[in-house]
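In our numbering, the protein residues as written are 557 to 938.
All C-beta atoms in this analysis are idealised placements derived from N, C-alpha and C, irrespective of residue type, glycine included.
The structure appears right after this line, and notes come after that.
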Amino acid sequence: MQSTQYGISRMHTLKNSRPKVIVSLLMFLIAAEAFFIFSQYQKFVSTKENNRADWLGRPTLLNLDNAWILVYRKARFHSLDPQSSLHIRFSEDQGKTWTREDTFLNGRSIDGFPIIPHPSKENVSGIVDASEGELVKTPNGTLLLLVREEGTPHNGTYVWRSRDKGAHWEEEGKINSDNTLLMGGQVVNVGNDLYGTFWVDENADYDPPFRTTLYRSSDDGISWVHVSDVTLNGTGESALMYLGGSEFLTVMGDDSKGEKTYLRRSFDLGKTWGMLQDATSIFGALQRPKLQLFADEPNRLYLYGRNQLGEVDDYTVLYYSNDKGATWSNGFYLDTTSYADTGYATLAKREDGTFYMLSYGGNSEKAEIKEYSFTKNEFESP
C-alpha cells in the first residue's frame, strides 16, 4: 500500500496494491502484440494555466455537435487531496482550440465551476477528494455531470445539471445519499432511460472486495434505482455500452491487484447477466476501461483505457471490435513513452474522420493532460 501525503491509502485509482514483480509473462506477450501508432503529443494545459497544480488528468469529453465539452481533475497529487477540483472547457472547432479554464464560449465564467469536494459528514477529520466526473447528455437534452467523491470515508456520487449547454451548472445532491456508490463506470441512453455502471465499496473505506453494479434513471437523472449487480465482488471500474435491442456489454478491471480484465453481457437490459468472461488473455490488465460507438461506424466498437504492464510501465491503449466485442483487434498504444500513472482517457471523432483523444501521463506526484490526433489508417489492421 502506498501512503499519501496525509498518511492515508488510495486503494483503487492509485495503483498502490500492484505486485512489485512482473505480474506475468502473459501480459508481456500481450504487450508484444501492441503497436505504437505515433510517439508525439501536445500538452493540453499550459504551464501558465496550471496554477501550481502538479497533477492534471482523468478527462471526460462530450460531443454536442456544435461544441465539445471537457471536464478534468486538477490537484496537487494523484492521491486524496482536499484541494482537488474539477474544471471545464469548451471547443467550437472539435478540439483544435479550447476556451480558457472554466470559461464558456462567450468568454463568460461558468456558473458552478470549479467543482470542489463536499466536506465529509461522517468523519470531521476525514479527507474528501473530487476524483472524477462523467458527462452525459440526457434523453431530454440537459447535461449531467456525475462526480465521484472519494475519501476517508467516501462521499458517494453527486449529480450536477446544466440546462443551457454548459453555461450554468446546479448541484442536485448525492445519488441515494449513498456513500458507497461511486461513479467509476459509464452512463448510456436507452430510449427515455439512463443506465449507469458504478463501483461499489461496501464500507466506503477502500477495502476490497468491491463490486460493479447497474442503476437506471427514468426521470432524466433525478432519481436512480438499482437494476442488478453485474458482479458480486472482485471488480471495480467499468465500461458500459448499449448494443441495441436489449443488449449491454460491460468491461471491468479487477478490484485490487490490477491483474485481470473481465467482460459480461446482458440481453435483458441488465436484469440478468451471462457468463463472466475472463478477458485477461485478450487485454492483459486493462484499467479504467471505456467503450465507445460512433454514428458513422455503427458496427465498430472501440475500447480504451490503461494497459498496466508493471509498477511504472503503463500505456494508454486502444482496441476495436467489428462484432460487438466477440473478437478484438490488437492493442494500439498512443504514446511510445510509458508512465507510472496514465490511461484514464476520453475519445472523440472530428467531422473529417480524425480521432481525437485526451489522456494524461506522469506519476503519483505530477501528471499532465496530453492530446492526440490520429486517423483510422494509423491503427487499423490490414
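- Note: G861 is bridge-paired with V873 in the DSSP secondary-structure output.
- Between the stretch 756 to 772 and the stretch 716 to 736 there are three or more C-beta pairs closer than 8 Å, enough to call the two in contact.
- Just measuring C-alpha positions, the residue of M808, D749, T694, I778 sitting nearest F766 is M808.
- With a threshold of 16 other beta carbon atoms within 10 Å, P675 falls short and is exposed.
- For S676, no alpha helix (DSSP H) encloses it, and the DSSP letter there is neither H nor E.
- A contact is defined here as three or more CB-CB pairs under 8 Å, and the stretch 696 to 706 fails this definition with respect to the stretch 797 to 812.
- Annotation: the continuous alpha helix (DSSP H) that includes T836 extends over 836 to 839.
- K816 carries a coil assignment under DSSP once its states are collapsed to helix, strand and coil.
- In the pairwise beta carbon analysis, the stretch 899 to 918 is classified as touching the stretch 609 to 619: at least three pairs are separated by under 8 Å.
- Across the set A896, Y889, K599, Y858, the C-alpha of Y858 shows the shortest separation from the C-alpha of T883.
- Taken through DSSP and simplified to helix, strand or coil, I672 comes out as coil.
- Taking the Cα positions, G790 is about 8 Å away from T768.
- In the assembly as shown, M831 is an exposed residue. Its beta-carbon has fewer than 16 other beta-carbons within 10 Å.
- Bridge pairing for K599: K926 [DSSP].
- Nearest neighbour of Q639 by Cα position, chosen from F646, R645, K630, S647, turns out to be K630.
- CA-CA distance, L849 to L738, rounds to 24 Å.
- Between K730 and Y714, the C-beta spacing is below 8 Å.
- Per the coordinates, the alpha-carbon of T872 lies some 28 Å from the alpha-carbon of F669.
- Checking the DSSP bridge columns, you'll see K827 has no partner listed.
- Taking all protein chains shown into account, T708 has 16 or more neighbouring C-beta atoms within 10 Å of its C-beta and is therefore buried.
- With respect to the C-alpha of S687, the residue from I671, L699, S877 having the closest C-alpha is I671.
- Under the 8 Å Cβ criterion, the stretch 689 to 697 does not count as touching the stretch 657 to 665, having fewer than three qualifying pairs.
- Each of G814, D834, Q833, E803 was checked against the Cα of F823, and the nearest Cα belongs to E803.
- The C-alpha of S885 is placed about 20 Å away from the C-alpha of Y798.
- Here DSSP, grouped into helix, strand and coil, assigns I625 to strand.
- Contact between L796 and V744 holds: their C-beta atoms lie close to 6 Å from each other, under 8 Å.
- Note: R772 is bridge-paired with Y751, V781 in the DSSP secondary-structure output.
- At a Cβ-Cβ threshold of 8 Å, G712 and F646 do not count as neighbours.
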